[in-house]
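Enquirer: Below you'll find the structure I mean.
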Amino acid sequence: MNSLAPSPVLPVPEGGARIVLATLNAKYIHASLGLRYLLANMDRHGGAGLRAQTQLREFVIGQPETRMVEDLLALQPEVIGLGVYIWNVVETTQLVRLLKTLRPGIKIVLGGPEVSHEVGEQEICRLADHVVTGWGDVSFPKLCRALLDGPQPLMKVIAGEQPPLEELALPYQDYTAEDLAQRLLYVEASRGCPFKCEFCLSALDKTAWAFDLDIFMAEMEALYRRGARNFKFVDRTFNLKIDNSVRILQFFLDRIAEAPDVFVHFEVVPDSLPDRLKELIAQFPDGALQFEVGIQSFNPEVQQRISRKQDNARTAENLRWLVTQSRAHVHADLIFGLPGETLQSFAEGFDSLHALAPHEIQFGVLKRLRGTPITRHTLEFAMAYDPHTPYTILQNSTVDFATMQRIKRFARYWDMVANSGRFSQGLAMLLAPGSAFGHFLAFSDWLWQTTGKTHEFALEKLVDLLFAHLTQVRLLAPPLVAQALLADYQASGARGRPQCLAALLGGAQKAPAAALDKHGAQRQGRHLSQQQNLRVEIQKAAAAA
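As structure tokens, then:
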């Protein structure tokens, strides 16, 4: 048969599809925005009728790949498009292996940030039939039309076409009722980023592009009217264009008056918070607004080296305002392992950030995301990365491997103890007086030496371990430590019996809600599970989101 001749139009099996869009999400609570963009644009950029032949399937990391393959093959597809990210590339590679072993005739098309760079170096790209790099909204539908109806594409790697944003169909109507009721909805008012931070894929963007705000707000209103209450904005720089930011904030503030369960998450530039934004932010109630504030490093030399422009004094001032003058929940990000950063300089930055009292410090270790300009420092700073995902830094010229391992354990324990929201009073005892970083690093080293593990700690065991460290290593008075940990434990709502609290729990009553500190109460609020899942997603995806 002539390879350029149109393929015969095959009947779509009942409940099946000629094209399937699929990905593996980190958690069920996440709903893939990228797949929904592709689905929304199938007809617009692939031709009438293509969308009707397309179905979307989302899986979750940890599900057996054979079960995923079974579900996909039951649809009898001719084309399967897979979204590939840093957190799912290992599992997706196995998925492609199985699909190609069982049905080699199915065309496998890859897209997503993980396969948009260094294509020739990846097994998953070698296994696949086609790879769309960069934006896929236009190029994927066009490719599907060619694969189904001809002429067959000659190139394996297809550079994604970047159209003007007004040429894209927005995907929000493709969130289902189940998505609205049970999942965190990803939305974007803009794409791209004007900043050039070298650890981030957005450094490759020339600028930021905003969607037509009237159209976007109409979509948000439609989602809200359908029952959507949880929104995560994926804009890299939400507060870049203040007029747009004000309008979006006012939209959600107005709806909170009639729907108090609205929850919105934004990533903001830390040194740009004009009074117009502050006036609106201050009006949001507890539990409604969450900010991701990227600090990454307070070291001016490191900032300059990685092309990060940040006014540290203004950043600190704005962060202090958010914590003390608003009721927004504030996550502040730091990255360890940047070129030239030492343990001492990072500790100083960590202590400076801790003194500003954000509700959570998201403490991550540098990852070499494919395509990012951070690689230009590899030789000068002897940057050695793990060759396997998520490509975490192993050592560099200023931090040796043993120290890097200590810090990775620190990050894990910090998330488990500090960011859990369960040790408000115990954590205050642990981190003072003096260097919060130094105290927690000592606790981290002791915890590793004592237990030899970084996962699978029951809450009761953590309470006992913290009690042991505070009383045996820090030599704090056991009755005072026990009372603090008792308050924390009861506030958490747990019902077990840590050994160190057994005597006190014998006749103790649960502390009244009024006794909880403000942030502890928030952490136990209605958005706890969503915030926890959101944190996992951000940590895994890092700057690739």
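Numbering (the working numbering), first residue to last: 1149 to 1693.
Ideal Cβ positions, reconstructed from N, Cα and C, are used throughout, including at glycine.
#1: Quick check on the burial criterion: 16 or more other C-beta atoms within 10 angstroms. Buried or exposed for residue 1585?
#2: Residue 1333 bridges to which residues according to DSSP?
#3: Would you mind reading off the limits of the alpha helix (DSSP H) that contains residue 1631?
#4: Taking only runs that begin and end inside the region 1334-1410, name each unbroken beta strand (DSSP E) of 3 or more residues, in chain order.
#5: Closest to residue 1500 by C-alpha separation, out of 1410, 1280, 1386, 1464, would be which residue?
#6: When we look at the beta-carbon of residue 1357 and count the other beta-carbons within 10 Å, is it buried (16 or more) or exposed?
#7: On a CA-only basis, which of 1367, 1507, 1251 is nearest residue 1399? Give me that one, please.
#8: Output the boundary residues of the alpha helix (DSSP H) element that contains residue 1601.
#9: Examine the Cβ distances between the region 1373-1384 and the region 1325-1341 and report whether three or more of them are shorter than 8 Å.
#10: Rounded to whole angstroms, what's the CA-CA distance from residue 1222 to residue 1216? Just pull it up for me.
#11: Start and end of the beta strand (DSSP E) containing residue 1263?
#12: Check whether the region 1176-1183 touches the region 1247-1258, taking contact to mean three or more Cβ pairs, one atom from each stretch, closer than 8 Å.
#13: Go through its chain and collect everything with a Cβ distance to residue 1191's Cβ below 6 Å, but skip five positions before and after it.
#14: Given that a residue counts as buried once 16 or more other Cβ atoms are within 10 Å of its Cβ, and exposed if not, what is residue 1440?
#15: Ends of the beta strand (DSSP E) at residue 1427?
#16: Measuring only the C-alpha atoms, how far is residue 1468 from residue 1446?
#17: Could you tell me whether the region 1510-1529 touches the region 1555-1567, using the rule of 3 or more Cβ pairs below 8 Å?
#18: Determine the direct distance from the alpha carbon of residue 1397 to that of residue 1429, and round the result to whole angstroms.
#19: With residue 1477 and residue 1438 assumed to form a contact (beta carbons below 8 Å), what rounded beta-carbon distance in angstroms separates them?
#20: Taking the alpha carbon of residue 1640 as the point to measure from, which residue in 1309, 1571, 1578 has its own alpha carbon closest?
#21: Residues in its own chain within less than 6 Å of residue 1442 by CB, not counting five upstream and five downstream?
#22: Evaluate residue 1168 with the Cβ neighbour count: other Cβ atoms within 10 Å of its Cβ, from every protein chain shown; 16 or more gives buried, anything less gives exposed.
Expert: Considering the structure as presented:
#1: buried
#2: 1379
#3: 1626-1640
#4: 1338-1340, 1356-1358, 1378-1381
#5: 1464
#6: exposed
#7: 1367
#8: Looking at the DSSP string, residue 1601 is not in any alpha helix (DSSP H), and its letter there is neither H nor E.
#9: yes
#10: 10 Å
#11: First-last for residue 1263: undefined, no H or E at that position.
#12: no
#13: 1198, 1199
#14: buried
#15: Counting along the chain, residue 1427 falls outside any beta strand (DSSP E), though it belongs to the alpha helix (DSSP H) covering 1423-1429.
#16: 15 Å
#17: yes
#18: 8 Å
#19: 4 Å
#20: 1571
#21: 1481
#22: buried
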